[in-house]
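*Asks:* Heads up: the sequence lines are chains D and G, in that order. No gaps in the numbering here: position 27 of the first sequence is 26 in numbering that gives the first Met the number 0, and each next residue is one more. No gaps in the numbering here: position 173 of the second sequence is 172 in numbering that gives the first Met the number 0, and each next residue is one more. Quick one: the structure is below, questions incoming.
2 protein chains.
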Amino acid sequence: MSDFLYPIKWLSKASTGDRVAHELRMRIISGKIEQGTVLSENKLATDFSVSRSPVRDALKVLAAERIIRLERMGAVVVGLSEKDIREIYDVRLLIETFVFERIVRMERHELVRELSKILEMMKVAIKFNDADEFSYQDVLFHETIIRSIDHSYVSMIWQNLKPVMESFILLSMRTRFEGQMEDFDRIIANHALYIEAIETGDRERMVTSLHQNFDDVQEVEDLWQSQQMMTKGVEPHD
Amino acid sequence: MSDFLYPIKWLSKASTGDRVAHELRMRIISGKIEQGTVLSENKLATDFSVSRSPVRDALKVLAAERIIRLERMGAVVVGLSEKDIREIYDVRLLIETFVFERIVRMERHELVRELSKILEMMKVAIKFNDADEFSYQDVLFHETIIRSIDHSYVSMIWQNLKPVMESFILLSMRTRFEGQMEDFDRIIANHALYIEAIETGDRERMVTSLHQNFDDVQEVEDLWQSQQMMTKGVEPHD
DNA sequence: TTTATACTACTTGTATACAAGTATACTCAT
DNA sequence: ATGAGTATACTTGTATACAAGTAGTATAAA
């Protein structure tokens, strides 16, 4: 099996199990593996040319992320519905709001500096038409904010959300880099607003930014949904 | 190795890996396995008289819960600090507040009924001095609330939090059932308040209840901390 | 005494082997 | 034709085997 969706360079020092998990996740979220499909450990193992052990590990991870469901006989693919995506953003809103309240009580110069750097990276990624790099920096942006408050259980939530978000963002951005380049001015502006909100401690601006970000995603959702159908077809989910 | 801390009856249809995870978690949180201890898969396997496969599974689970840290050479025990416990309650507050907002927009008669039943169960558990049963119902109470809104990513957060919370509550309750029986009037009253808050949709009362619940935990914390030290000794964490 | 090298006894990650259970389909009897 | 029962080809969970790598010690040389 060839033709990997997940950037191989991001897996440089990952275990086989991680590789399988990342790739499977991408295939499921992209719709390349359809919802309802039943995956068998043995079949996956031969497909990926590895043994069952790493495949088992991968399936456990994906099950924890709710994109597959482990059953008696095989793992059935659940995928991401529109509801799921809304819910992921619910949780992001929830924790980023919480995090913001903590941040404004902290010394946040260093954080602002860091975020500014990431923002510049994002601009460069746009300039060089690098969707993957852009996605990476986008995810890193939010991760940096969340980790800044040193709250291990909030970090835990993020860590559980991150892989699915990352895959979703990757796929969305790859699509948008082919045609919707004008979107990125808005995205950049919105991230800049977020940084400003943190710098000034302006709760209002932060909420605005978060909601704009969410609207942005909702907008891309239809696009992505159709893209997903193009890849393989069908699935009227929910 | 004998002398299990986790109620065996709760593991009736669990896999070997789950059993190991639950028992290890209890031993770590109770302090029976000290912080900083390095666990080896092989050693654990022989201790529990199982193979490495289920032990590996268990360690992955505990690492996801942040009570151990998987390193190159062995898994080092992290345990629960006071900060961790505060953080767990941060997250509980966060998600239960979110959940409440949804609940008050729903038809919630059935839920109130369900919660009332659980509350009665808790009273019975007190009457019969059954700390484990009480803990079970206590955890179930909050789980029932959280699951009622059918939000898969909030459920996911709960599922990640639950095992650690359950262990912590189990250990706390076992201690309190031997001497602090008067605490339980307060706990019951507080849960009743929670139900009332849901029934009437009174946000104020809900927040009060949540905070009382949290204070209650903070109170027991010192007790538990000393109990933990009694079990094995040392550890001035943080 | 100190330093460098090699060795030993561990560690994990992956592959394979085995056991127990389940769904499908087929056969045989009615 | 239909139904009971059985064979079969799958499935997962656990155990074991093997390979690669790491830490710490012991040994030997200066």
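Using N, Cα and C, we set each Cβ at its ideal position, and we do this for glycine too.
Since Met72/D meets chain G, which of its residues come closer than 8 Å, beta carbon to beta carbon?
*Replies:* On the first sequence, position 73 is the one that residue 72/D refers to. Within chain G, no residue comes near Met72/D; the closest Cβ sits about 16 Å away, beyond 8 Å.
*Asks:* So is Val153/G in contact with chain D if we call contact Cβ pairs under 8 Å?
*Replies:* For this step, residue 153/G is matched to residue 154 along the second sequence. By this cut-off, Val153/G is an interface position.
*Asks:* Using a C-beta cutoff of 8 Å, does His150/D count as contacting chain G?
*Replies:* To locate residue 150/D, count along the first sequence from 1; it is residue 151. His150/D counts as touching chain G.
*Asks:* Measure the alpha-carbon distance for Lys161/D versus Asn128/G and round it to whole angstroms.
*Replies:* Start at 1 with the first residue of the first sequence, and residue 161/D comes out as number 162. Start at 1 with the first residue of the second sequence, and residue 128/G comes out as number 129. Taking the straight line joining both Cα atoms gives about 43 Å.
*Asks:* Determine, using beta carbons only, whether Leu43/G comes closer than 8 Å to chain D.
*Replies:* Taking the second sequence and counting its residues from 1, the one referred to as residue 43/G is at position 44. No, its Cβ sits nowhere closer than 8 Å to a Cβ of chain D.
*Asks:* Following the continuous beta strand (DSSP E) through Ile67/D, name the residue where it begins and the one where it ends.
*Replies:* Counted from its first residue, the first sequence places residue 67/D at position 68. It spans Ile67 to Leu69 - the beta strand (DSSP E) in which Ile67/D sits, taken as one unbroken run.
*Asks:* Can you find a CB in chain G that lies within less than 8 Å of the CB of Glu40/D?
*Replies:* One-based indexing of the first sequence puts residue 40/D at position 41. Taking Cβ atoms only, chain G never reaches closer than 8 Å to Glu40/D, which makes this a no.
*Asks:* Can you find a CB in chain D that lies within less than 8 Å of the CB of Asp89/G?
*Replies:* Start at 1 with the first residue of the second sequence, and residue 89/G comes out as number 90. Judged by the 8 Å Cβ criterion, Asp89/G is in contact with chain D.
*Asks:* Just reading off the beta strand (DSSP E) that Ala196/G is part of, what are its end residues?
*Replies:* On the second sequence, position 197 is the one that residue 196/G refers to. Counting along the chain, Ala196/G falls outside any beta strand (DSSP E), though it belongs to the alpha helix (DSSP H) covering Asp182 to Thr199.
*Asks:* By the DSSP assignment, the beta strand (DSSP E) with Val76/G in it spans what residues?
*Replies:* Counted from its first residue, the second sequence places residue 76/G at position 77. First-last of the beta strand (DSSP E) with Val76/G: Ala74 to Val76.
*Asks:* Can you have a look at Asn41/D and say buried or exposed, based on whether 16 or more other CB atoms are within 10 angstroms of its CB?
*Replies:* Position 42 of the first sequence, counted from the first residue, corresponds to residue 41/D. Burial call: exposed.
*Asks:* Under 8 Å, Cβ to Cβ, is there at least one residue of chain D near Lys81/G?
*Replies:* As a working mapping, residue 81/G is identified with position 82 in the second sequence. Sequence check: residue 81/G is Glu here, not Lys. With 8 Å as the cut-off, Glu81/G does not count as an interface residue toward chain D.
*Asks:* Decide yes or no for the touch test of the region 106-124 of chain G against the region 63-77 of chain G: beta carbon pairs closer than 8 Å, at least 3 of them.
*Replies:* With a cut-off of 8 Å, the region 63-77 of chain G and the region 106-124 of chain G do not count as touching, because too few Cβ pairs lie within range.
*Asks:* Measuring straight from C-alpha to C-alpha, what distance separates Lys122/G and Ile187/G?
*Replies:* On the second sequence, residue 122/G is found 123 positions in, with the first residue counted as 1. On the second sequence, residue 187/G is found 188 positions in, with the first residue counted as 1. Their Cα atoms are separated by approximately 7 Å.
*Asks:* So which residues on chain D does Asn159/G lean against when the C-beta distance must stay under 7 Å?
*Replies:* The residue labelled residue 159/G in the question sits at position 160 within the second sequence. Those are Met155 and Asn159, listed as they occur along chain D.
*Asks:* Just mark Glu22/G as buried or exposed, buried being the case when its beta carbon has 16 or more other beta carbons within 10 Å.
*Replies:* To locate residue 22/G, count along the second sequence from 1; it is residue 23. By the 10 Å Cβ count, Glu22/G comes out buried.
*Asks:* Report yes or no: do the region 6-13 of chain G and the region 130-148 of chain D share at least 3 C-beta pairs separated by less than 8 Å?
*Replies:* The region 6-13 of chain G, when compared against the region 130-148 of chain D, does not touch it at the 8 Å Cβ threshold.
*Asks:* Could you give the C-beta distance for Ala196/D and Arg204/D, rounded to a whole number, given that I count them as a contact under 8 Å?
*Replies:* Your numbering for residue 196/D matches position 197 in the first sequence. Your numbering for residue 204/D matches position 205 in the first sequence. At roughly 4 Å, the Cβ-Cβ gap stays under 8 Å, so Ala196/D and Arg204/D are in contact.
*Asks:* Given Ile145/G, which residues of its chain have a CB within under 6 Å of its CB, disregarding the five upstream and five downstream residues?
*Replies:* Locating residue 145/G in the second sequence gives position 146, where the first residue counts as 1. Taken in chain order, the residues that qualify are Val98 and Trp157.
*Asks:* Can you give, in chain order, each stretch of the alpha helix (DSSP H) that sits fully within the region 125-188 of chain G and has at least 4 residues?
*Replies:* As far as the region 125-188 of chain G is concerned, its whole alpha helix (DSSP H) runs of at least 4 residues are 130-146 and 151-175.
*Asks:* Drop a sphere of 10 angstroms on the beta-carbon of His210/D, count the other beta-carbons inside from all chains shown, and report buried for 16 or more, exposed for fewer.
*Replies:* Along the first sequence, read from residue 1 onward, the residue named residue 210/D stands at position 211. Classification for His210/D: exposed.
*Asks:* Is Val37/G helix, strand or coil when you go by DSSP?
*Replies:* For the purposes of this step, residue 37/G is taken as residue 38 along the second sequence, with counting starting at 1. The answer is strand: DSSP assigns Val37/G an E or B state.
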